[in-house]
Amino acid sequence: MAPQLPSSQPLVKKYRPKRVQDVAHQDEVVGVVINTLEITDCPHMLFYGPPGTGKTPTAHAIVHQPFGPEIYKSRVLELNASDDHGINVDRTKIKDFAAVAVSSSHHQWHVLKCVVVYNGNLLQGHTIFFICNYISRIIEPLASRCAKFGFKPLSEEIMRSCKLHICQEEGLDLNPEALSTLSSISQGDFCWVITYMQGAACLYGSSISSKDLISVSGVIPEEVVQGLFEVCKSGNFDLANKEVINVIAEGYLVLQMRS
């Protein structure tokens with residue numbers, strides 16, 4: 623029986639923590655953040671650590687707590703490096719957002735997945751979250767103005783426990799091989815774990831195999847890689863050329879082949 627997964631609701635959002643206390647397996651960060659939030663003037667925060675360890679969900683949980691869903695959109699501006707970059711972002715989106723007057727009882731918040739150097743005048747009355755993978759790539763003048771929180775990689779034991787919990791909640795069936803494959807292709811990013819599980823469930827039903835997960839992830843199957851290497855070692859140019867054309871036709875990334 624196929625799982626009851628509403629296509630309009632990503633599981634990543636469904637299992638996103640609603641409160642800071644609900645953030646899992648980052649106890650040190652959660653403890654310090656909760657204590658920090660008891661201070662009237664919340665400092666700018668810099669979250670860093672590997673992908674899929676809870677940085678963005680923690681920021682969302684922090685800003686949802688004081689505002690709730692009603693006024694969240696009017697109080698929070700979220701920017702992502704893949705979509706919002708360049709000086710025009712500072713001159714338009716950020717400037718316009720910072721110019722909006724709000725009641726003295728609430729700050730406005732920036733949740734940033736990119737690093738932007740701001741005009742200092744824009745920072746007054748705003749709390750800014752910088753979210754990145756590598757703190758070493760953040761310039762010191764910016765990092766020194768933020769409270770820094772490091773997120774630890776999730777252990778395989780924790781990842782497995784979370785995967786089994788979601789499987790139970792969503793009625794999914796993954797055998798040990800599929801669970802192992804999921805760990806391999808997600809590379810420790812739990813956002814990808816959930817996304818691959820939901821994608822495979824929508825396409826193949828509640829019983830998910832290792833092959834199903836590889837298919838939805840876009841990872842080159844091991845047999846394809848081995849087949850290409852074998853024909854290349856054979857010295858038969860025509861056969862190798864045909865195999866390369868087949869790999870390209872499947873849409874696999876060359877960078878995956880290199881890694």
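Residue numbers for the sequence shown follow our numbering, beginning at 623 and rising by one. We put the CB at the ideal spot given by N, CA and C, even for glycine. Small disclaimer: the values here were computed from a predicted structure and weren't measured.
Between residue i and residue j, how many whole angstroms is the CB-CB distance? I'm expecting something under 8 Å.
i    : j    : result
G676 : Q643 : Rounded, the Cβ-Cβ distance is 13 Å, inconsistent with contact.
V841 : Q878 : 7 Å
V651 : T680 : 7 Å
I684 : L659 : 7 Å
L668 : I760 : 7 Å
What three-state label does DSSP hand residue i in the structure shown?
i    : result
H748 : strand
L776 : coil
E700 : strand
K770 : strand
S831 : coil
L861 : helix
C784 : helix
D811 : coil
I753 : strand
L804 : helix
Y826 : helix
Y670 : strand
L928 : Because the chain is modelled from 623 through 881, residue 928 falls outside the range shown and cannot be assessed.
T680 : helix
S726 : Residue confidence is low: S726 scores 48 on pLDDT, short of 50, so the model does not pin down where it sits. Its coordinate-derived value is still stated next. Coil, per DSSP.
Y694 : helix
V841 : coil
I656 : helix
Q848 : helix
E650 : helix
I870 : helix
T817 : helix
K636 : helix
P665 : coil
V642 : helix
L764 : helix
How would you call residue i, buried or exposed, if buried means at least 16 neighbouring beta carbons within 10 angstroms?
i    : result
R641 : exposed
I836 : buried
E865 : buried
G671 : buried
F851 : exposed
K785 : buried
A822 : buried
Is the distance from the Cβ of residue i to the Cβ of residue j below 8 Å?
i    : j    : result
V634 : T817 : yes
D860 : S829 : no
S885 : E778 : Past the edges of the chain, shown from 623 to 881, lies residue 885, and the structure says nothing about it.
A800 : S758 : no
I788 : Y637 : yes
V655 : F771 : yes
V853 : V869 : no
Q820 : P632 : yes
Going by beta carbon distance, what residues of the same chain come within less than 8 Å of residue i, once the five residues before and after it are set aside?
i    : result
H666 : L745, T749, I750, F751, F752, R767, C768, A769
S856 : A862
L825 : D834, S837, V838
Q687 : R641, V642, L659
R568 : Here the chain covers residues 623 to 881 and nothing more, so residue 568 does not appear.
For residue i, collect the residues of the same chain with a Cβ closer than 6 Å to its Cβ; drop the 5 residues on either side in sequence, then sort them by chain order.
i    : result
K833 : none
C664 : T749
Y874 : I842
Near residue i, what residues of its chain come up, given a Cβ to Cβ distance below 7 Å and the 5 sequence neighbours on each side ignored?
i    : result
W814 : G674, S808
M623 : Interpretation of M623 is limited by its pLDDT of 41, a score under 50 that renders its predicted location unreliable; the figure taken from the coordinates is listed afterwards. S828.
L776 : H647, T675, G810, F812
G742 : In this prediction, G742 scores a pLDDT of 42, lower than 50, which makes its location untrustworthy; the coordinate-derived value is nonetheless stated afterwards. Excluding residues within five positions, none has a Cβ falling inside 7 Å.
Beta carbon of residue i: closer than 7 Å to some heavy atom of the ligand FAD?
i    : result
K774 : Ligands displayed in this structure: none; no statement on the ligand FAD is therefore possible.
Do we get a CB-CB distance below 8 Å when we pair residue i with the residues of chain C?
i    : result
C754 : This model lacks chain C altogether; it includes just one protein chain.
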